[in-house]
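Numbering (our numbering), first residue to last: 196 to 273.
Everything on this sheet refers to the single structure shown next.
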């Protein structure tokens, strides 16, 4: 299985490129967005059933929207 996906999303007339890597050991996603200097983690909390980001800048799109795009690109949903 390939653990890296690259996709684009349009926001307010501009295109953001997302480079996402899945870590099968932690089940977290490392996300690098065009326009940001560093990446961040996208995590799903099994207890609260919510997605969140941490360890870096905030995503340029809402976390829920990002989670749907990431899941769609990997072909798996929670």
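Heads up, the beta-carbon is just placed ideally off N, CA and C, and yes, glycines get one too.
Mind pulling the beta strand (DSSP E) runs of 3 or more residues that sit fully within the region 216-247?
Within the region 216-247, complete beta strand (DSSP E) segments of at least 3 residues are found at 223-228 and 235-240, given in chain order.
Helix, strand or coil for residue 213? Go by DSSP, reduced to three states.
Secondary structure at residue 213: strand, using DSSP grouped into helix, strand and coil.
Quick one, which of 217, 270, 267 and 263 has its alpha-carbon nearest residue 235's?
217
Check each candidate in 203, 219 and 238 and name the one with the smallest Cα separation from residue 230.
203
Residue 254 and residue 138 - do their beta-carbons sit closer together than 7 Å?
The question about residue 138 has no answer, for the chain in this structure spans 196 to 273.
As a quick exercise: from 206, 227 and 223, pick the residue whose alpha carbon is nearest that of residue 252.
227
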